[in-house]
Amino acid sequence: MAKTIRLTMAQAVAHFLKAQMTVVDGKKVPIFAGVWGIFGHGNVAGMGEALYQVRNELPTLRAHNEQGMAHAAVAFAKAAFRQRFMACTTSIGPGALNMITAAGVAHVNRLPVLFLPGDVFANRIPDPVLQQIENFGDGTVSVNDAFRCVSRYFDRITRPEQIISALKRAMQVLTDPVDCGPVTLSLCQDVQAEAYDYPASLFEEKVWTTRRPRPDTDELAAAIETLRKAQKPLIIAGGGVLYSQATAELQAFAETHGVPVAVTQAGKSAIADDHPLCMGSVGVTGTSAANAFAEEADVILAVGTRLQDFTTGSWALFKNGGVTMVGLNTAPFDAAKHDSQPLVADAREGLKLLSQALDGWSAPAAITQTAKTRKDAWMVAANHATAPTNADLPSDAQVIGAVQRSIGGENSVLVCAAGGLPGELHKLWQAKKPGGYHMEYGFSCMGYEIAGALGVKLARPEADVVVMVGDGSYMMMNSELSTSIMLGQKLTIIVLDNRGYGCINRLQMATGSANFNNLLKDAMIEVMPDIDFRAHAESMGAVAVKVSSIADLETAIEQSKGNDRTSVIVIDTDPLITTEEGGHWWDVAVPEVSPRSEVNKARAAYVKARAARTVG
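Written out as structure tokens, the structure is:
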């Protein structure tokens, strides 16, 4: 008879997690770097007790907000290029629901994280328990059903033996390059405490490695034929290049075949911004250089990108009527988007095989000179936008320039998420190394920045992790600033205070609407808020300072390098100035009728622009 070990279901989860391993840079390490936990009545006696038993092998980290800790876990996986990840456990009710937003972030960005929310009693005897919702028409529903639409795999554990297959399935999803994304195992709180004789084999060490699917022969042949005919090729590199660790192969392909490269938000840093063939960002927040190539391209090799609307200019960017897209992606869903020729494969393997098969082929030589000319012109515009200034209220771009000059070196990781900053950073930040640019723009989740930076720092403790965050996002979630200090994880946080939601205010104006409810001065208020972000950050233990100029900002950043803990630097900025160069139209529907002439004018421009896009 096979050997068994009698454990509670929660103990089985903890012992299983600590036995899962992977290999990073030739060294075997635990694939779960730890578990974030905020305990309540629905998990403290089950998962809490179980995690205590394995605390030396599987660290449990305490946060201040469930959404914040889940963001940290998501960011950890992104910074680790999906090689390692974390788990998160909460009680039922609001604790579980607080993680839903972060689950959405993980789902959109194809990032692995394991959610372990507590659930109601499987036996239903004490129903309704504290924090339990009651669905009048369905006795099986709990708040955790909300995880279903933002999980790659969801399971509710109502018997202790069910966890055996659920854990195995969870690991398959978390480590699969195609299915990769969040997994939710909803743990009924009474079942967490129930014991079962588990097979000892469940807790044996297992090493997980990255699966690298190679392309189908026919798909590869079709891609080769298409590329060989290309006269104006362009590579669009997405986050899949980084997750595949295919940056060297991307650069080699571009150099060998003379093809310029444009990068998505997730793909930025897949090739260094100062590489001669890197044209920078593409799409709505693209550089003039990258977008010029995209507009005239006859063949686009889309590598590891899901081709979202910011990348494609809502499918109006590609103006060559004969353009053919080759979708090199591990996911067939993404590889075939917009009638692309699919090349379903791992990015690293696909690029190597493509390059070998294209031996002797290069893009026309004139493209290299065109790339240099266009890039030089863009850098003149970018340097002008980011140059030092004496303005009382500098632009976001001018702040970006100061941060780049002060701490934007090889060892830095720039973290940001939502608002106007992502567009400016996508255009202007000069990423030096793979992973040096960490942007959450798939879900564009306000509040991700500080918590995400904590996750990045845990994944890359040697890096200078720099956060740029607007006052709006800072106000939405800043609790993990304190957690960074508590855990001894130093961050450098730049808070740009434009007194409201400056980005969406500009979009509101661009669509003809009146300034309304975005900047604080345009909202329904009795007293204009005067928030002291410096004092707030200092109250949570940070070294904090407010500066009044770009020169003072650079000095403060330099001084912060000597601080022993998280530093917060606050600067007031102009909410209306944005970099005009580069960019592209984006489909934001404008009202068809309105009493405002400004809206009607914007509608006419919208209809004209929409007619230029391709559908299907």
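1 is the number of the first residue of the sequence shown in the UniProt record's numbering; add one for each residue after it.
Beta carbons are placed, not taken as given, at the ideal position from N, Cα and C, and that holds for glycine.
If you draw a straight line from the alpha carbon of residue i to that of residue j, how long is it in whole angstroms?
{"i": "Thr555", "j": "His41", "result": "48 Å"}
{"i": "Phe16", "j": "Gly93", "result": "26 Å"}
{"i": "Ala10", "j": "Ala50", "result": "6 Å"}
{"i": "Asp598", "j": "Ala266", "result": "For clarity, residue 598 is Glu in the given sequence; the question names Asp instead. So the two alpha carbons sit approximately 35 Å from each other."}
{"i": "Ile164", "j": "Asp298", "result": "51 Å"}
{"i": "Ala523", "j": "Asp552", "result": "31 Å"}
{"i": "Val141", "j": "Glu134", "result": "8 Å"}
{"i": "Ala33", "j": "Val24", "result": "12 Å"}
{"i": "Gly286", "j": "Gly238", "result": "14 Å"}
{"i": "Ala302", "j": "Thr573", "result": "36 Å"}
{"i": "Phe76", "j": "Leu425", "result": "21 Å"}
{"i": "Tyr501", "j": "Gly313", "result": "23 Å"}
{"i": "Lys521", "j": "Gly408", "result": "34 Å"}
{"i": "Ala14", "j": "Ala611", "result": "56 Å"}
{"i": "Gly48", "j": "Leu7", "result": "14 Å"}
{"i": "Ala233", "j": "Glu349", "result": "In the sequence on display, residue 233 carries Pro and not Ala. Spanning the two alpha carbons is a distance of roughly 20 Å."}
{"i": "Asn144", "j": "Asn98", "result": "11 Å"}
{"i": "Leu111", "j": "Leu496", "result": "28 Å"}
Please state whether DSSP places residue i in a helix, a strand or coil.
{"i": "His438", "result": "strand"}
{"i": "Met325", "result": "strand"}
{"i": "Val143", "result": "helix"}
{"i": "Cys503", "result": "helix"}
{"i": "Arg55", "result": "coil"}
{"i": "Val547", "result": "strand"}
{"i": "Pro332", "result": "helix"}
{"i": "Ser314", "result": "coil"}
{"i": "Ser473", "result": "helix"}
{"i": "Gly447", "result": "coil"}
{"i": "Asp309", "result": "helix"}
{"i": "Val150", "result": "helix"}
{"i": "Ile100", "result": "helix"}
{"i": "Met1", "result": "coil"}
{"i": "Leu61", "result": "strand"}
{"i": "Ile38", "result": "coil"}
Is the beta carbon of residue j closer than 8 Å to that of residue i?
{"i": "Ile31", "j": "Thr90", "result": "no"}
{"i": "Ala270", "j": "Thr247", "result": "yes"}
{"i": "Ala345", "j": "Pro213", "result": "yes"}
{"i": "Arg499", "j": "Pro434", "result": "no"}
{"i": "Ser340", "j": "Val323", "result": "no"}
{"i": "Ala80", "j": "Ala459", "result": "yes"}
{"i": "Met468", "j": "Leu421", "result": "yes"}
{"i": "Ala166", "j": "Asp155", "result": "yes"}
{"i": "Ala402", "j": "Glu449", "result": "no"}
{"i": "residue 617", "j": "Gly304", "result": "In the structure as shown, the chain starts at 1 and stops at 616, and residue 617 therefore has no counterpart that could be examined."}
{"i": "Val35", "j": "Ala102", "result": "no"}
{"i": "Ser406", "j": "Met446", "result": "no"}
{"i": "Ala363", "j": "Val259", "result": "yes"}
{"i": "Asp179", "j": "Arg152", "result": "yes"}
{"i": "Asn329", "j": "Gly582", "result": "no"}
{"i": "Arg534", "j": "Thr578", "result": "no"}
{"i": "Leu428", "j": "Ala391", "result": "no"}
{"i": "Leu454", "j": "Ser484", "result": "yes"}
{"i": "Asp273", "j": "Thr4", "result": "no"}
Please report the residue range of the alpha helix (DSSP H) in which residue i lies.
{"i": "Trp378", "result": "366-386"}
{"i": "Gln404", "result": "396-407"}
{"i": "Ile485", "result": "479-486"}
Between which two residues does the beta strand (DSSP E) harbouring residue i extend?
{"i": "Arg610", "result": "Careful: Arg610 lies outside any beta strand (DSSP E), inside the alpha helix (DSSP H) at 597-610."}
{"i": "Gly470", "result": "464-470"}
{"i": "Thr90", "result": "85-90"}
{"i": "Leu187", "result": "182-188"}
{"i": "Met21", "result": "20-24"}
{"i": "Gln341", "result": "341-344"}
{"i": "Ala200", "result": "Unbroken run through Ala200: none, as it is neither H nor E."}
{"i": "Leu496", "result": "492-497"}
{"i": "Ala237", "result": "233-237"}
{"i": "Pro30", "result": "27-30"}
{"i": "Pro117", "result": "113-119"}
{"i": "Ser412", "result": "412-416"}
Report whether the distance from the Cβ of residue i to the nearest heavy atom of the ligand ZN is below 7 Å.
{"i": "Asn515", "result": "Ligands are entirely absent from the displayed structure, and the ligand ZN is therefore not among its contents."}
query: Counting pairs of beta carbons, one from the region 218-227 and one from the region 179-186, are three or more of them closer than 8 Å?
result: The answer is no - the region 179-186 does not touch the region 218-227, with fewer than three Cβ pairs under 8 Å.
- prompt: Should the region 559-568 be regarded as contacting the region 541-548, the criterion being three or more beta carbon pairs within less than 8 Å?
  reply: Cβ pair count under 8 Å is three or more, so yes.
- prompt: Does the region 506-516 come close enough to the region 528-544 to have 3 or more Cβ pairs within less than 8 Å?
  reply: No contact exists between the region 506-516 and the region 528-544.
message: Under 8 Å, with one C-beta from each stretch per pair, do the region 310-322 and the region 189-196 reach the 3-pair mark?
response: Contact between the region 310-322 and the region 189-196 is absent, because fewer than three Cβ pairs lie under 8 Å.
query: Is the region 59-67 touching the region 463-481, taking contact as three or more C-beta pairs under 8 Å?
result: The region 59-67, when compared against the region 463-481, does touch it at the 8 Å Cβ threshold.
query: So, do the region 105-121 and the region 268-287 have three or more beta carbon pairs nearer to each other than 8 Å?
result: As far as the Cβ criterion goes, the region 105-121 does not touch the region 268-287, which means the pair count is below three.
message: Measuring CB atoms only, is the region 352-362 touching the region 373-387, in the sense that at least three cross pairs come out at less than 8 Å?
response: With the cut-off at 8 Å, the region 352-362 and the region 373-387 do not touch.
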